[in-house]
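J.:
Set out below in structure tokens:
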């Protein structure tokens, strides 16, 4: 299992933690079992950043959809929720719907749906291009 924490700005672009535009850090894991490589992206930091207080309620909603592969991991004595990378945009769309339904601001989330996935893949690509290739992602 490989772990990488990715620091992101308010536009979800990669940045240093001391960057004035720093907004959040997201934990990511790559799990290699047999001949399959899987990337999982933390959801808790994203949810907290966009203003969702009851993370478990959203996770329960995601589980109802039954299409998103979820994974939990304990980091520094805190259990965090992760989603399989191919389902990230689906989960973000569900979160967007949840925020709108409850009358919450969706501005912090709008850019994430397009940019977050690409920036996470880019960061892993910088770290290990062959590993990203093994995910079966066409990367320019």
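Numbering (this note's numbering), first residue to last: 1471 to 1610. Backbone N, C-alpha and C define an ideal beta-carbon position, used for all residues, glycine too. Predicted model, so just to flag it, every value in this text is computed and none were measured.
Give me whichever residues DSSP pairs with residue 1593 in a beta bridge.
T.: DSSP lists no partner for residue 1593.
J.: Counting only runs that start and end within the segment 1553-1588, where is the alpha helix (DSSP H) found for 4 or more residues in a row?
T.: Counting only runs of 4 or more, we get 1558-1571.
J.: Would you call the CB atoms of residue 1605 and residue 1507 closer than 8 Å?
T.: Taking 8 Å as the Cβ cut-off, residue 1605 and residue 1507 qualify as a contacting pair.
J.: Spatial neighbours of residue 1532 within its chain, please: C-beta separation below 7 Å, excluding the five flanking residues on both sides.
T.: 1538, 1540, 1561 and 1564, listed in sequence order.
J.: Considering only their Cβ atoms, is the gap separating residue 1575 from residue 1521 smaller than 8 Å?
T.: Taking 8 Å as the Cβ cut-off, residue 1521 and residue 1575 qualify as a contacting pair.
J.: Are the CB atoms of residue 1601 and residue 1555 nearer to each other than 8 Å?
T.: No, the Cβ-Cβ distance between residue 1601 and residue 1555 is not below 8 Å.
J.: For residue 1623 versus residue 1482, is the C-beta spacing smaller than 8 Å?
T.: Since the first and last residues shown for the chain are 1471 and 1610, residue 1623 lies out of range.
J.: Grouping DSSP H, G and I as helix and E and B as strand, with all else coil, what is residue 1548?
T.: Residue 1548: strand per DSSP, three-state reduction.
J.: Where do the N-terminal and C-terminal ends of the beta strand (DSSP E) with residue 1497 fall, by residue?
T.: Element bounds for residue 1497: 1492-1503.
J.: Beta-carbon within less than 6 Å of residue 1549's beta-carbon, same chain only, minus the 5 sequence neighbours each way: which residues are those?
T.: Cβ neighbours of residue 1549 beyond the five flanking positions: 1542.
J.: How many whole angstroms separate the CB atoms of residue 1587 and residue 1558, which I take to be in contact at a CB cut-off of 8 Å?
T.: Sure, about 5 Å apart at Cβ, within 8 Å.
J.: Exposed or buried, residue 1552, counting other C-beta atoms within 10 Å across all chains shown (16 or more means buried)?
T.: Answer is buried; the Cβ neighbour count reaches 16.
J.: Among 1593, 1592, 1571 and 1566, whose alpha-carbon lies nearest the alpha-carbon of residue 1580?
T.: Answer by Cα proximity: 1566.
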